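Numbering of the sequence shown is given in the working numbering, commencing with residue 18 and proceeding in unit increments.
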Amino acid sequence: KLEKAYDAVFEAVSLSAAIRNNLGIKLRWPLSDMQVRVKDPEAASLVNSLIDQLSYLSNVKQVNVTGELKCDDNHVKAEGVLVDVCLNKVINENLYYEAMAREVVRRVQVMRSKANLDLEERIMVYITGDDEVKKAVERMRDFIERETRGLVTFSELGKPLLTMDWDIEDKRVKISIGRLTQ
């Protein structure tokens with residue numbers, strides 16, 4: 018039974034990934050909700066106990082295991098052998114800012130690696146871009162600082178270790194990193 022439940026979870030993850038791919042929504046971008054209908058009633062309760070894993074792997078805030086899918090115009094349905102899923106495709110303002118923050122974090126991590134910084138070394142992070150980028154960074158500052166082990170500043174760094182220009186969702190973003198001086 019447990020194996021069947023895991024198979025159902027992985028099929029749901031695969032179906033949600035296929036929907037994202039068709040819509041051009043990266044896995045790094047969170048979505049609000051997904052409904053999952055498990056075709057085997059015995060496996061359904063076990064899948065329900067694996068909701069946290071399903072949510073994490075699909076990068077969806079809320080997963081509901083249900084007997085009947087209720088898909089509206091904001092959702093996309095995909096059918097599988099073990100499960101059917103209905104994924105909300107709408108990216109609201111909060112999800113957008115979280116997604117932009119994740120994109121910034123990924124770029125900072127690439128820069129940390131290029132600068133040969135120790136994984137645990139604390140850094141200064143300077144980020145600039147258009148108003149949307151700035152708003153995303155301001156709203157998600159704690160998340161960015163936690164994920165990058167950095168201190169975000171909007172003042173240019175005096176002597177950065179590395180400065181790079183990035184294109185994030187058609188927005189020019191300049192990021193500089195430097196060692197955090199005590």
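No residue lacks a Cβ here, since even glycine has one placed at the ideal position from N, Cα and C. As the structure is a prediction and not an experimental result, all values here were calculated from the model.
Identify whether Thr170 lies in helix, strand or coil by the three-state DSSP scheme.
Reading the sequence shown from its first residue, position 153 is the one you call residue 170. DSSP places Thr170 in strand when its eight states are reduced to three.
Quick check on the burial criterion: 16 or more other C-beta atoms within 10 angstroms. Buried or exposed for Ser172?
Counting from 1 along the sequence shown, the entry for residue 172 is found at position 155. By the neighbour-count rule (16 or more Cβ atoms within 10 Å), Ser172 is not buried but exposed.
Do you know whose CA, among Leu104, Ala132, Lys56, lies nearest Leu178's CA?
Here residue 178 is taken as the residue at index 161 of the sequence shown, counted from 1. Nearest C-alpha to Leu178: Ala132.
Please state the DSSP three-state secondary structure of Ile108.
The sequence position of residue 108 within the sequence shown is 91, counting from 1. Coil, per DSSP.
Using 8 Å for Cβ pairs, my map puts Leu48 next to Asn81. What's the rounded Cβ distance?
On the sequence shown, residue 48 is found 31 positions in, with the first residue counted as 1. On the sequence shown, residue 81 is found 64 positions in, with the first residue counted as 1. Leu48 to Asn81, Cβ: 13 Å. No contact.
If you run the structure through DSSP and keep just helix, strand and coil, what is Ile140?
Walking along the sequence shown from the start, residue 140 turns up at place 123. DSSP places Ile140 in strand when its eight states are reduced to three.
Between Lys191, Val98, Arg166, which has its C-alpha nearest Thr145's C-alpha?
Along the sequence shown, one-based indexing puts residue 145 at 128. Considering only alpha carbons, the answer is Lys191.
Could you tell me if Asp187 is buried or exposed, where buried requires 16 or more neighbouring beta carbons within 10 angstroms of its beta carbon?
Residue numbering aside, residue 187 sits at position 170 when the sequence shown is read from its first letter. Exposed, since its Cβ has fewer than 16 Cβ neighbours within 10 Å.
Enumerate in chain order the residues of its own chain whose CB-to-CB distance from Asn91 is below 7 Å, with the five nearest sequence positions on each side excluded.
As a first step, residue 91 must be located in the sequence shown, where it is residue number 74. So the list reads Asn105, Lys106, Val107, once near-sequence residues are dropped.
For Tyr113, tell me which candidate among Ile140, Glu85, Met157 has the shortest Cα-Cα distance.
By one-based count along the sequence shown, residue 113 stands at place 96. Looking at the Cα atoms, Met157 is the closest of the given residues.
For the candidate residues Thr198, Cys103, Lys18, whose alpha-carbon lies nearest to that of Ala34?
On the sequence shown, residue 34 is found 17 positions in, with the first residue counted as 1. If we check each option's Cα against that of Ala34, Cys103 comes out closest.
Within 10 Å of its beta-carbon, does Arg45 have 16 or more other beta-carbons around it, so buried, or fewer, so exposed?
Within the sequence shown, the letter at position 28 stands for residue 45. Burial call: exposed.
Looking at the structure shown, is Thr83 part of a helix, part of a strand, or coil, going by DSSP?
Against the sequence shown, residue 83 aligns to sequence position 66. Coil, per DSSP.
Decide if Gly84 is buried, meaning its Cβ has at least 16 other Cβ atoms within 10 Å, or exposed.
Sequence index remark: in the sequence shown, residue 84 carries index 67 (1-based). Classification for Gly84: exposed.
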